[in-house]
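Take a look at the structure below.
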Amino acid sequence: NAGVTQTPKFQVLKTGQSMTLQCAQDMNHEYMSWYRQDPGMGLRLIHYSVGAGITDQGEVPNGYNVSRSTTEDFPLRLLSAAPSQTSVYFCASSPDANYGYTFGSGTRLTVV
Amino acid sequence: QQPVQSPQAVILREGEDAVINCSSSKALYSVHWYRQKHGEAPVFLMILLKGGEQKGHEKISASFNEKKQQSSLYLTASQLSYSGTYFCGTHPRSNYKLTFGKGTLLTVNP
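In the order they appear, the protein sequences are chains A and B.
Following the numbering used here, the numbering of the first sequence begins with 28 at its first residue and continues without gaps.
Following the numbering used here, the numbering of the second sequence begins with 90 at its first residue and continues without gaps.
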C-alpha cells in the first residue's frame, strides 16, 4: 500500500507558467482534498472531491483548477503561477465523512 | 471559515499535561485532530462524531461538545514525542468541507 502519493516533491516555477501537481491514492477512498500550508495560516482548503466526477471549491480556490475523472487521481492545476502561490501543497484522502484523512508527503512549490 | 484554536503555543516539561481547545461558529458533523512534526505531513490522531463522546489514542484523548461546537484535546503525562503542531479540523453538517484551525505548537522539554 503506497497510500497517498504526491509528485513532484519540489518545484520552482516562473511567474505566469502553468503546471499540474499530481496526487494519487491506492486505498479506494472517495473523498480527496487539496490544502496549502503557509506559515501562521494553518492548512487552507483549495478544492475537494467526494467522488469521481464531483468537485467543489474550498476556502482559497482562485488560481487553481481540479478534476476527478477516476477514484484514484485528483490533480491540481495552477493556471498562471504567481508568487503568492509559493507554498507547501498537501493532498489528502479519506473513505468518507466518518473517517480521518491520510495526507501525502507534500509538494514544496516556489514561484519566482 | 476556519475553526479557532487556543492556545497558539504551549511549552511543557516531560510528564506534564496540556489541553488544546477548538471552537467553531458552525453546527458540526465531526471534529478531527491531527499532529504535524516539522517538515512532515499531518498525521491523523482521532475523529469525534457525537456530542460529548470521548475518544482516546495512547495518552491523548479528546471530547466534543456538539451543542457548543467545541472540542478539546487532552494530552496527559506528555512525552518528548508529543512535540509538534496540533491542528483541529471541523466538518460542518451543511457540506463535506474539512477546514483546519491555524494550529497549536506544542513543545515538550526534558
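Glycine included, C-beta positions come from ideal geometry on N, C-alpha and C.
### Task
Consult DSSP for Y171 (chain B) and reduce its assignment to one of helix, strand or coil.
helix
#### Entry: Alpha carbon of K57 (chain A) to alpha carbon of Y185 (chain B), nearest angstrom
Checking the sequence shown, residue 57 (chain A) turns out to be Glu, not Lys. If I take the Cα positions, the gap works out to 12 Å.
#### Entry: Inter-residue Cα distance where the pair is L137 (chain B) and K41 (chain A)
Rounded to the nearest angstrom, the two C-alpha atoms are 43 Å apart.
#### Entry: For I109 (chain B) and T193 (chain B), believed in contact at Cβ under 8 Å, the rounded distance
5 Å
### Query
Would you say T129 (chain A) reaches chain B, if we count a Cβ-Cβ gap shorter than 8 Å as a contact?
yes
### Task
Count the CB pairs spanning the region 100 to 114 of chain A and the region 83 to 91 of chain A that are closer than 8 Å, and state whether there are at least three.
Output reads yes: the region 83 to 91 of chain A touches the region 100 to 114 of chain A.
### Task
Mind checking the region 84 to 104 of chain A against chain B and listing, in chain order, the residues whose C-beta falls within less than 7 Å of any C-beta there?
G85, E86
### Query
Going along the region 120 to 137 of chain B in order, which residues come within less than 7 Å of chain A, judged by CB to CB distance?
If you check each beta-carbon in the region 120 to 137 of chain B against every beta-carbon of chain A, the ones closer than 7 Å belong to H121, A130, P131, F133, I136.
### Query
Closer than 8 Å, Cβ to any Cβ of chain B: which residues of the region 53 to 76 of chain A, in chain order?
Y58, S60, Y62, G67, M68, G69, L70, R71, L72, Y75
### Task
Please list the partners that Q158 (chain B) has in chain A, where partner means a Cβ-to-Cβ separation under 9 Å.
The premise fails here: Q158 (chain B) is roughly 17 Å from chain A at the closest Cβ pair, so nothing lies under 9 Å.
### Message
Just to confirm the assignment, what range does the beta strand (DSSP E) spanning M68 (chain A) have?
### Response
Note, M68 (chain A): premise wrong, no beta strand (DSSP E); not H, not E.
### Query
Bridge partners of T137 (chain A), per DSSP?
Bridge partners of T137 (chain A): A:V39.
### Task
Say yes only if the C-beta of G128 (chain B) is nearer than 7 Å to one or more non-hydrogen atoms of the ligand COA, and no if none qualify.
Among the components of this structure there are no ligands whatsoever, and the ligand COA is therefore not found.
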